[in-house]
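**Q** Below is one structure. I have some questions about it.
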Amino acid sequence: MFRLLRTRLRPLLRRDRHERELDAELRFHLEMLTEQNVRAGMSRDEAWRAALRTFGPVDLVKDQVRDTWLSRMTEAVAQDLRYGARGIRKSPGFAGVVMLTMALGIGANTAVFSVVNGVLLRPLPYADGQELVVLQQQASRLDVDDMGFSYKEILDYRTRSRSLEDVVEFHSMWFILLGRREPERLSTGVVSARFFDVLGVQALHGRTFVEGDDAHGADAVLVLSHRYWTRAFGTDPSVVGRVFQMNDRPHQVIGVLPPIPQYPLEVDVYMPTSACPFRSDPQTIGSRNARMMTAFARLRDGVSLDKADSDLAIVAASLQKDYPGAYPPSIGYGARAVALRDELTREFGTTLTVLLGTAGFVLLIVCASVANLMLARHARRQQEFSVRSVLGAGRARLARQLLTESALLSVLGGLAGLAVARFGMQMLVAFAERFTTRAAEIQIDTTVLLYTLAVSAATGLVFGAFPALAARGDQAGNLKDGARIIQSRPGVRHTLIVVQIAASFMLLIGAGLTVRSLIKLHQVDPGFRTDSILTMRIDLNFTKYPPGTRAAFWQQLEERLRHEPGVITVGAGATFPLNDRGPFSQPVQIEGRRFSADLERPLVDARLATPDYFATIGQRLLSGRTFNRSDRSFYGPAGADPVEEFAVIVNQTMARHYWPHEDPVGRRLSTANSRAWAKVVGVVADTRQQLDEPSRDEIYVPLLTGQQLSTTWLVRSAVDPGVMERQIRAVVRDVDPDQPVDNFRTLAEVRSESLEQRRLTAMLLGLFGLLALVITATGIAGVVAFSVNQRTREFGVRMALGARRGEVLRMVLGQGLQLVLVGLAIGLAGALVLTRLLSTLLFGVEPTDAVTFAAVSMVLVAAAALACVVPARRAASVDPLVALRAS
0 MFRLLRTRLR
10 PLLRRDRHER
20 ELDAELRFHL
30 EMLTEQNVRA
40 GMSRDEAWRA
50 ALRTFGPVDL
60 VKDQVRDTWL
70 SRMTEAVAQD
80 LRYGARGIRK
90 SPGFAGVVML
100 TMALGIGANT
110 AVFSVVNGVL
120 LRPLPYADGQ
130 ELVVLQQQAS
140 RLDVDDMGFS
150 YKEILDYRTR
160 SRSLEDVVEF
170 HSMWFILLGR
180 REPERLSTGV
190 VSARFFDVLG
200 VQALHGRTFV
210 EGDDAHGADA
220 VLVLSHRYWT
230 RAFGTDPSVV
240 GRVFQMNDRP
250 HQVIGVLPPI
260 PQYPLEVDVY
270 MPTSACPFRS
280 DPQTIGSRNA
290 RMMTAFARLR
300 DGVSLDKADS
310 DLAIVAASLQ
320 KDYPGAYPPS
330 IGYGARAVAL
340 RDELTREFGT
350 TLTVLLGTAG
360 FVLLIVCASV
370 ANLMLARHAR
380 RQQEFSVRSV
390 LGAGRARLAR
400 QLLTESALLS
410 VLGGLAGLAV
420 ARFGMQMLVA
430 FAERFTTRAA
440 EIQIDTTVLL
450 YTLAVSAATG
460 LVFGAFPALA
470 ARGDQAGNLK
480 DGARIIQSRP
490 GVRHTLIVVQ
500 IAASFMLLIG
510 AGLTVRSLIK
520 LHQVDPGFRT
530 DSILTMRIDL
540 NFTKYPPGTR
550 AAFWQQLEER
560 LRHEPGVITV
570 GAGATFPLND
580 RGPFSQPVQI
590 EGRRFSADLE
600 RPLVDARLAT
610 PDYFATIGQR
620 LLSGRTFNRS
630 DRSFYGPAGA
640 DPVEEFAVIV
650 NQTMARHYWP
660 HEDPVGRRLS
670 TANSRAWAKV
680 VGVVADTRQQ
690 LDEPSRDEIY
700 VPLLTGQQLS
710 TTWLVRSAVD
720 PGVMERQIRA
730 VVRDVDPDQP
740 VDNFRTLAEV
750 RSESLEQRRL
760 TAMLLGLFGL
770 LALVITATGI
780 AGVVAFSVNQ
790 RTREFGVRMA
800 LGARRGEVLR
810 MVLGQGLQLV
820 LVGLAIGLAG
830 ALVLTRLLST
840 LLFGVEPTDA
850 VTFAAVSMVL
860 VAAAALACVV
870 PARRAASVDP
880 LVALRAS
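With numbering that gives the first Met the number 0, letter number 658 in the sequence shown gets 657, and the count goes up by one each step, no holes.
See below:
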């Protein structure tokens, strides 16, 4: 086989030499036959002629030998390419339409595949990333998939598990960094010393943590994330070694991380556990229930996820046996390992599946549309193929020429599609950033280029196969005098149009449902006002403000803000509705109700609020009163009594659940970690934490008398938000120059951002649907126009026999709309099945929403009718005499 391949390849490199060798070999064989004839008694001339008769035509033998050379094939391909290129230059309009259609379809698929490749197919940028897992503790009977881990539990799984190499921890905190021009509030990842070793990540500059950094009393050190290093220090490597103040301690920067995806969230800096005052607190270390951490681990060699899950189930069972108070049987305690790669894209799976399917439908529509164009062009070239057939070209030769031309067009369309993909990727990257931290890895790399090439080639073969199969080797009849160009059978073209319409209908239904869902979300009443409200975040330095001093700071700040020019009302809370930082949930005890354990108590969302919080956001008071300055908090300093001083407010949903037929004002409840009962002093209207989720049970607790470190403030004002932001910064700086204030957003912006994911999804599906509609309408117009052109004589005869222009117009329109109705019927059946995949992306709209189906049907019929109007009017304007004379 190797010798045969070498024999075929050698002429490709040394053509002239092999031609000479071929001549010499043929001459040698002829001379040998001549000598045999001479020895048989013939004269030399007679012997030479006899040798030629025996050997056969020399040129034919040469061609047969050359046909075994690879150079002959390359010459034929080159010839086909040159001919195809000439055809493109001669028909620039046709080529332009095909390449533009291909560019849109392949560009859309390339852009979506670049996302798939970046977030799903590309290996994690960690050493042996397939071995990394995230551990999760579950309470299945409470519908809790991940309870988090305490330090004691991490030690247990580290020592008892046989399937894990090591278990390390992570949790995030907000700390204030001093030493730059302005104080900064930084998101800080608190991790084990071996955290980056387990992940297999090395520092881009400097180093990561070592065991000594996590020892008690060690110097405080920081490692910067690549994102924060770029934003704050402009990629300056000299930042390594600099010292900043954090938590009233000097912290030295020892390293900078490479650009890697972070999980479970993006943070600015990392510190070892010994440097975190909360994590290093003896109470945190000694409490099995202080579950504030995420646990990472690396699987041992040869251990699968299933085997690791079995091992973790054994460890969980042993913990439940050893510590029954921490893991009561009623919660359904268990543990499992989840691949880090899957966790990084967990929220993106359904949306990405929808995008892939949408892009696939667009490519199907493109193939059908271009195949129709190629069939129409092939029908117009019947005489050309007849000439080539008469001159010796067989069906295979004609088919190869057509496939070469389609491949050339598809490759050119694919190159143009790369430009379309690069433009569309900007939107897709911004879209993916809302689902996964791997969005930064999305790029057009070698894999994406190979995918684009493969899709281009496959698409070219698909739409080129239709005219290639229609090509016939014997077409001599087309050359007879007066012979008309043979019209290819319209059934194939009509079938392709039906496919386009069906696929377009399904795409438009998906886009219509997501748009309807978005409209429904915009119409949702969140239970509060968003106009003229500016929000901000303030986190206190816990070392500078111990628990007994925090309330005084908040009260002073509120008083100063209330007297600023233009301020109408000022309110504050731990968070606010639609904020990405939601309320914290905890069990409550309701007076008069009995529960066997704390974990079985009803869970409610606890919110902190100042007296003017409700008036600031426009949340209605339904009964009772709001807070006043004398109300005490559950979470105030120790010794807060008597009981009657504690006050809470409940929302309407909680009142309806636990006091359905009575006024809850005056009733009492208690949280699991409080020291006394509290009295319900008021009921407020519901607000939504997320627009697409119903209101949950909520209690509101006074903030100003508590010991809250982190707050979000809301200021309703009559001045421009930019002006108000500068005023607020000046007030905070005046109260405490080292206190940062950030995350300024209007409440209207917060609401808009809460819908950004759905808005982008609807926009992408809408763009795909619009693209499909345009391509389909163009295809319908092209098929009808070609049919009109082929039937010019028929229309002339009809009109000569008395048919009116209106009748011809209606006939052409009717035939075009028949295809549309068939496509709609098929698309309707497909849409009823496929739209169920969208159910998780919809709000307030059923996958079978009749309004959407009716609206899309009307839009598609209207677009098809418009596409048919121009060729139909041309058919109706045919002059019978001219048509008959030209036939």
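Glycine is no exception: its CB is placed at the ideal position from the N, C-alpha and C atoms.
1) Residues in the same chain with beta-carbon distance under 6 Å from residue 450, minus the five sequence neighbours each way, listed in chain order, please.
2) Whole beta strand (DSSP E) runs in the segment 532-581 with 3 or more residues, listed along the chain?
3) Which residues mark the beginning and the end of the alpha helix (DSSP H) in which residue 887 is found?
4) In the segment 120-184, which residue ranges form an unbroken alpha helix (DSSP H) of at least 4 residues, counting only runs that do not cross its ends?
5) Closer than 8 Å is the cut-off here; do at least three beta carbon pairs connect the segment 256-266 with the segment 101-116?
6) Anyone know if the C-beta pair for residue 133 and residue 337 falls short of 9 Å?
7) Give me, in chain order, the residues of the same chain whose beta-carbon lies closer than 8 Å to that of residue 763; leave out the 5 immediate sequence neighbours on both sides.
8) Which value, in whole angstroms, describes the spacing of the CA atoms of residue 708 and residue 454?
9) For residue 116, count neighbouring C-beta atoms within 10 Å of its own C-beta (all shown protein chains included) and say buried if the count is 16 or more, exposed if not.
10) Between residue 579 and residue 713, what straight-line distance do the alpha-carbon atoms span, to the nearest angstrom?
11) Return the CA-CA distance between residue 820 and residue 505, expressed in angstroms with no decimal places.
12) Note the first and the last residue of the continuous alpha helix (DSSP H) segment covering residue 814.
13) Does residue 372 pass the burial test, meaning 16 or more other C-beta atoms within 10 Å, or should it be called exposed?
14) Out of curiosity, what's the CA-to-CA distance linking residue 867 and residue 92?
15) Buried or exposed: where does residue 857 fall if 16 or more other Cβ atoms within 10 Å of its Cβ makes it buried?
16) Excluding sequence positions up to five away, which residues of its chain have a Cβ less than 6 Å from the Cβ of residue 502?
17) In terms of residues, what are the limits of the alpha helix (DSSP H) holding residue 39?
18) Give the range of the beta strand (DSSP E) segment to which residue 677 is assigned.
19) Quick one: Cα of residue 472 to Cα of residue 398, how far?
20) Please state whether the Cβ-Cβ distance between residue 716 and residue 565 is less than 9 Å.
21) Does the beta-carbon distance from residue 702 to residue 587 come in below 9 Å?
22) Between which two residues does the alpha helix (DSSP H) holding residue 709 run?
23) Any chance the segment 675-693 sits against the segment 607-626, with 3 or more Cβ pairs inside 8 Å?
24) Should residue 287 and residue 322 be called a contact, given that it needs their Cβ atoms to be closer than 9 Å?
25) Drop a sphere of 10 angstroms on the beta-carbon of residue 536, count the other beta-carbons inside from all chains shown, and report buried for 16 or more, exposed for fewer.
26) Please confirm if the segment 274-286 is in contact with the segment 119-132, defined as three or more CB-CB distances below 8 Å between the two stretches.
27) For residue 333, I'd like the list of residues in its chain whose CB is within less than 6 Å of its CB, leaving aside the five on either flank, ordered along the chain.
28) What residues match up with residue 697 in a beta bridge as DSSP calls it?
29) Can you list, in chain order, the residues of its chain with a C-beta nearer than 6 Å to that of residue 874? Leave out the 5 residues immediately preceding and following it.
30) Rounded to whole angstroms, what's the CA-CA distance from residue 461 to residue 448? Just pull it up for me.
31) Going by CA-CA distance only, name the one from 129, 645 and 108 that's closest to residue 423.
32) Identify which residue in 688, 699, 654 and 662 has its Cα closest to the Cα of residue 646.
33) For residue 895, which three-state DSSP category applies?
34) Where do the ends of the beta strand (DSSP E) carrying residue 720 lie?
35) Using CA atoms only, rank isn't needed, just tell me which of 611, 563, 719 and 376 is closest to residue 785.
36) How close, in whole Å, do the beta carbons of residue 114 and residue 441 come, if the pair is a contact with beta carbons under 8 Å?
**A** This is what the structure holds:
1) Locating residue 450 in the sequence shown gives position 451, counting from the first residue. So the list reads 112, once near-sequence residues are dropped.
2) 532-538 and 566-572
3) No answer is possible for residue 887: the residues shown for the chain start at 0 and end at 886.
4) 150-159
5) no
6) Your numbering for residue 133 matches position 134 in the sequence shown. Your numbering for residue 337 matches position 338 in the sequence shown. Yes, the pair counts as a contact, with Cβ atoms nearer than the cut-off.
7) Taking the first residue of the sequence shown as 1, we reach residue 763 at position 764. The beta carbon of residue 763 is closer than 8 Å to those of 354, 357, 426, 427 and 430 in its chain, skipping five residues each way along the sequence.
8) On the sequence shown, residue 708 is found 709 positions in, with the first residue counted as 1. On the sequence shown, residue 454 is found 455 positions in, with the first residue counted as 1. The straight-line gap from Cα to Cα measures roughly 55 Å.
9) As a working mapping, residue 116 is identified with position 117 in the sequence shown. The residue is buried, with at least 16 neighbouring Cβ atoms inside 10 Å.
10) Locating residue 579 in the sequence shown gives position 580, counting from the first residue. Locating residue 713 in the sequence shown gives position 714, counting from the first residue. Their Cα atoms are separated by approximately 15 Å.
11) Here the question's residue 820 lines up with position 821 in the sequence shown. Here the question's residue 505 lines up with position 506 in the sequence shown. Looking at the two C-alpha atoms, the distance is approximately 14 Å.
12) Taking the first residue of the sequence shown as 1, we reach residue 814 at position 815. Looking at the DSSP string, the run of the alpha helix (DSSP H) that includes residue 814 is 804-833.
13) Locating residue 372 in the sequence shown gives position 373, where the first residue counts as 1. With 16 or more other Cβ atoms within 10 Å, it is buried.
14) Stepping through the sequence shown from its first residue, residue 867 is reached at position 868. Stepping through the sequence shown from its first residue, residue 92 is reached at position 93. Computed Cα separation, rounded: 20 Å.
15) Against the sequence shown, residue 857 aligns to sequence position 858. Exposed: under 16 other Cβ atoms inside 10 Å.
16) Within the sequence shown, the letter at position 503 stands for residue 502. Around residue 502: 360, 363 and 364.
17) In the sequence shown, residue 39 corresponds to position 40, counting from 1. Where residue 39 is concerned, there is no enclosing alpha helix (DSSP H), given that its DSSP letter is neither H nor E.
18) Walking along the sequence shown from the start, residue 677 turns up at place 678. Start and end: 677-683.
19) Here the question's residue 472 lines up with position 473 in the sequence shown. Here the question's residue 398 lines up with position 399 in the sequence shown. Note that residue 472 has pLDDT 46, beneath the 50 cutoff, so the model's placement of it is unreliable and the number below is only indicative. The alpha-carbon of residue 472 is positioned some 9 Å away from that of residue 398.
20) Walking along the sequence shown from the start, residue 716 turns up at place 717. Walking along the sequence shown from the start, residue 565 turns up at place 566. Yes. Within cutoff.
21) On the sequence shown, position 703 is the one that residue 702 refers to. On the sequence shown, position 588 is the one that residue 587 refers to. No.
22) For the purposes of this step, residue 709 is taken as residue 710 along the sequence shown, with counting starting at 1. Careful: residue 709 lies outside any alpha helix (DSSP H), inside the beta strand (DSSP E) at 709-716.
23) yes
24) Here residue 287 corresponds to residue number 288 of the sequence shown, with the count starting at 1. Here residue 322 corresponds to residue number 323 of the sequence shown, with the count starting at 1. Yes, they are a contact pair.
25) As a working mapping, residue 536 is identified with position 537 in the sequence shown. Its Cβ being crowded by 16 or more others within 10 Å, residue 536 is buried.
26) no
27) Residue 333 sits at position 334 when you count from the first residue of the sequence shown. Taken in chain order, the residues that qualify are 137 and 315.
28) Within the sequence shown, the letter at position 698 stands for residue 697. In DSSP, residue 697 forms a bridge with 604.
29) Here residue 874 refers to the residue found at position 875 of the sequence shown. So the qualifying residues of the chain are 787, 794, 807 and 811.
30) For the purposes of this step, residue 461 is identified with residue 462 of the sequence shown, where counting begins at 1. For the purposes of this step, residue 448 is identified with residue 449 of the sequence shown, where counting begins at 1. So the two alpha carbons sit approximately 20 Å from each other.
31) By one-based count along the sequence shown, residue 423 stands at place 424. With distances taken between Cα atoms, residue 423 lies closest to 108.
32) By one-based count along the sequence shown, residue 646 stands at place 647. Out of 688, 699, 654 and 662, the CA that lies nearest to the CA of residue 646 is found in 699.
33) Outside the shown range of the chain, which is 0 to 886, sits residue 895, and nothing can be said about it.
34) If you number the sequence shown from 1, residue 720 lands on position 721. It is not in any beta strand (DSSP E) - residue 720 instead sits in the alpha helix (DSSP H) that spans 720-734.
35) Translated into positions along the sequence shown, residue 785 becomes position 786. Nearest of 611, 563, 719 and 376 to residue 785, Cα basis: 376.
36) Within the sequence shown, residue 114 is the residue found at index 115, counting from 1. Within the sequence shown, residue 441 is the residue found at index 442, counting from 1. 6 Å between Cβ atoms; contact.
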